[in-house]
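**Q** Take this structure, written in structure tokens, and hold onto it; I'll ask about it next.
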Amino acid sequence: MQTVAKLDLLRKSIAALREDGKTVALVPTMGALHDGHLTLIREAQSRADHVVASIFVNPTQFGEGEDLDAYPRQLAEDSAALEKEGTALLWAPNANEMYPEGFATSIAVEGVSSGFCGASRPGHFDGVATVVCKLFNQVRPDVAVFGEKDWQQLAVIRQMARDLDLMQPFADDIIGIETVREADGLAMSSRNRYLSSEDRAAAAKLPREMREAIARIEDGQDVRPTLGALEDALVSGGFASVDYADLADAASLAKLNELGDRPARLLVAARIGSTRLIDNMAVQPRG
Ligand code: PAF
48 MQTVAKLDLL
58 RKSIAALRED
68 GKTVALVPTM
78 GALHDGHLTL
88 IREAQSRADH
98 VVASIFVNPT
108 QFGEGEDLDA
118 YPRQLAEDSA
128 ALEKEGTALL
138 WAPNANEMYP
148 EGFATSIAVE
158 GVSSGFCGAS
168 RPGHFDGVAT
178 VVCKLFNQVR
188 PDVAVFGEKD
198 WQQLAVIRQM
208 ARDLDLMQPF
218 ADDIIGIETV
228 READGLAMSS
238 RNRYLSSEDR
248 AAAAKLPREM
258 REAIARIEDG
268 QDVRPTLGAL
278 EDALVSGGFA
288 SVDYADLADA
298 ASLAKLNELG
308 DRPARLLVAA
318 RIGSTRLIDN
328 MAVQPRG
């Protein structure tokens, strides 16, 4: 596996990978890789001749007081894991390479960005959309693979690709992969390592209580009281606070007060100790 940190070298390496009409899949990450990321790499491998992974802890998607400095950085370990999976190229720029002096552009995706994490982390999705657009322009992949754990992020990126007429990848070539979970159901996340052992045990209540709420909603119980009960169960189960626990249309992310005939999604962000966890799950429409 080749590792490059400079844009001119990246362009040369990508051109070499593309020789003889070979295709390229991109898996953008912020590193601290876990099995969820490696599942994305394997999926990318099944969709293109070569896989390019990026590792860049993107400062513009972290708000003031968030965990930018504490975010785990382990390039050597990540690089070994990517190489083992057969990744062709690792793109690992530093912040100056990504945002040279004088950088002045930001992409704001309206609508899908505004609720949920967009409301509790102002500016977060502008940072995500901007860096992902840059990564797409830098690598020009045929497909790009993301985890569905960041459901809203995926919606924002697809909207951005559609609105800006991106051709590599087209919005339809932005692939979402189902969340990979620990044995007790907790969604894998680079931030799980922040949890104390007590908080880690309690964190498993998040997917459990979400499944319970989904069963009730699918069973026809009222949505708002069920979501209220979900928040209460999380707080009494050891979570410090709940940023949001809401039902939304799976595609538009419009909030729903009742289950309709289109796929819906239960989305939750909650804090345990000082760690903010997010999760989302499918809610089947009324048959
Ligand atoms: O999901 C992530 O790891 C990041 O938000 C991404 C997509 C790599 C952009 O920095």
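Quick note, in the numbering used here, the sequence shown goes up one by one and the last residue is 334. Glycine is no exception: its CB is placed at the ideal position from the N, C-alpha and C atoms.
#1: What residue does the beta strand (DSSP E) around residue 288 start on, and which one ends it?
#2: Which runs of the beta strand (DSSP E) spanning at least 3 residues fall entirely within the stretch 170-257, listed in chain order?
#3: Beta carbon of residue 85, beta carbon of residue 132: below 8 Å?
#4: Using the C-alpha atoms, what's the distance from residue 334 back to residue 170?
#5: Leaving out the 5 sequence neighbours to the left and right, which residues in its chain are closer than 6 Å to residue 234 when beta-carbon positions are compared?
#6: What number of angstroms, rounded off, separates the C-alpha of residue 148 from the C-alpha of residue 54?
#7: Does residue 256 pass the burial test, meaning 16 or more other C-beta atoms within 10 Å, or should it be called exposed?
#8: Can you determine whether any heavy atom of ligand 1 sits closer than 7 Å to the C-beta of residue 75, and answer yes or no?
#9: What residue does the alpha helix (DSSP H) around residue 77 start on, and which one ends it?
#10: Give, in chain order, every unbroken run of the alpha helix (DSSP H) that is at least 4 residues long and sits entirely within the stretch 91-145.
#11: Rounded to whole angstroms, what's the CA-CA distance from residue 81 to residue 236? Just pull it up for me.
#12: Measuring from the CB of residue 184, is there a heavy atom of ligand 1 at a distance below 7 Å?
#13: Would residue 323 be called buried (16 or more neighbouring beta carbons within 10 Å of its own) or exposed?
#14: Is there contact here, the stretch 90-100 with the stretch 202-219, by at least three beta-carbon pairs under 8 Å?
#15: By DSSP, does residue 61 sit in helix, in strand, or in coil?
#16: Which stretch, first to last residue, makes up the beta strand (DSSP E) that contains residue 270?
#17: Which same chain residues, not among the five before or five after residue 260, have their C-beta less than 6 Å away from its C-beta?
#18: Which of the three DSSP states is assigned to residue 86 in this structure?
#19: Under a three-way DSSP split, which group does residue 67 fall into?
#20: Identify every run of the beta strand (DSSP E) within the stretch 298-328, keeping only runs that are complete inside it and at least 3 residues long; order them along the chain.
#21: Given a threshold of 16 other Cβ atoms within 10 Å of its Cβ, counted over all protein chains shown, does residue 59 qualify as buried or as exposed?
#22: Using 8 Å as the cut-off, can you tell me whether the stretch 195-211 makes contact with the stretch 159-175, which would need three or more C-beta pairs spanning the two stretches below that distance?
#23: Under DSSP, the alpha helix (DSSP H) around residue 163 begins and ends at which residues?
#24: Assign residue 152 to one of two classes, buried (16 or more other C-beta atoms within 10 Å of its C-beta) or exposed (fewer than that).
#25: Hey, could you find the ends of the beta strand (DSSP E) residue 49 is sitting in?
#26: Sort out for me which residues DSSP pairs residue 330 with in a bridge.
#27: Once the 5 residues before and after residue 178 are set aside, which same chain residues still bring their CB inside 6 Å of it?
#28: In angstroms, rounded to a whole number, what distance separates the CA positions of residue 265 and residue 139?
**A** On the basis of the coordinates in this document:
#1: The count along the sequence shown starts at 1 and reaches residue 288 at position 241. Judged by DSSP secondary structure, residue 288 falls within the beta strand (DSSP E) whose first and last residues are 288-296.
#2: 190-194, 221-224, all fully within the stretch 170-257.
#3: The count along the sequence shown starts at 1 and reaches residue 85 at position 38. The count along the sequence shown starts at 1 and reaches residue 132 at position 85. Yes, they are a contact pair.
#4: Residue mapping note: residue 170 aligns to position 123 of the sequence shown, counting from 1. Residue mapping note: residue 334 aligns to position 287 of the sequence shown, counting from 1. Rounded to whole angstroms, residue 170 to residue 334 spans 38 Å at the Cα level.
#5: Start at 1 with the first residue of the sequence shown, and residue 234 comes out as number 187. Excluding sequence neighbours, residue 234 sits near 196, 226, 228, 326.
#6: Taking the first residue of the sequence shown as position 1, residue 148 is located at position 101. Taking the first residue of the sequence shown as position 1, residue 54 is located at position 7. Cα to Cα, residue 148 sits roughly 15 Å from residue 54.
#7: On the sequence shown, position 209 is the one that residue 256 refers to. Buried, since its Cβ has 16 or more Cβ neighbours within 10 Å.
#8: Within the sequence shown, numbered from 1, the residue matching residue 75 stands at position 28. Checking the Cβ of residue 75 against ligand 1 gives yes.
#9: Stepping through the sequence shown from its first residue, residue 77 is reached at position 30. Careful: residue 77 lies outside any alpha helix (DSSP H) and carries neither H nor E.
#10: 122-131, 142-145
#11: Walking along the sequence shown from the start, residue 81 turns up at place 34. Walking along the sequence shown from the start, residue 236 turns up at place 189. Roughly 7 Å separates the two Cα atoms.
#12: The sequence position of residue 184 within the sequence shown is 137, counting from 1. No, Cβ of residue 184 sits at least 7 Å from all heavy atoms of ligand 1.
#13: To locate residue 323, count along the sequence shown from 1; it is residue 276. By the neighbour-count rule (16 or more Cβ atoms within 10 Å), residue 323 is buried.
#14: no
#15: Counting from one through the sequence shown, the residue named residue 61 turns up at place 14. In the structure shown, residue 61 sits in a helix (DSSP, three-state: H, G or I).
#16: Here the question's residue 270 lines up with position 223 in the sequence shown. Here residue 270 belongs to no beta strand (DSSP E); instead the alpha helix (DSSP H) covers 270-283.
#17: Numbered from its first residue, the sequence shown carries residue 260 at position 213. Here the set comprises 273, 277.
#18: The residue you call residue 86 lines up with position 39 of the sequence shown. It is helical.
#19: Counting from one through the sequence shown, the residue named residue 67 turns up at place 20. Looking at residue 67 - three-state DSSP - the assignment turns out to be helix.
#20: 311-319
#21: Reading the sequence shown from its first residue, position 12 is the one you call residue 59. Residue 59 comes out exposed.
#22: Counting C-beta pairs with one atom in each stretch, the stretch 195-211 and the stretch 159-175 have three or more that are closer than 8 Å, which means they touch.
#23: As a working mapping, residue 163 is identified with position 116 in the sequence shown. Looking at the DSSP string, the run of the alpha helix (DSSP H) that includes residue 163 is 163-167.
#24: By one-based count along the sequence shown, residue 152 stands at place 105. Exposed.
#25: Residue mapping note: residue 49 aligns to position 2 of the sequence shown, counting from 1. Counting along the chain, the beta strand (DSSP E) containing residue 49 begins and ends at 49-51.
#26: The residue labelled residue 330 in the question sits at position 283 within the sequence shown. Answer by DSSP bridge pairing, in chain order: 311.
#27: In the sequence shown, counting from the first residue as 1, residue 178 sits at position 131. Correct list, in chain order: 105.
#28: Position 218 of the sequence shown, counting from 1, holds the residue named residue 265. Position 92 of the sequence shown, counting from 1, holds the residue named residue 139. The alpha-carbon separation between residue 265 and residue 139 amounts to approximately 44 Å.
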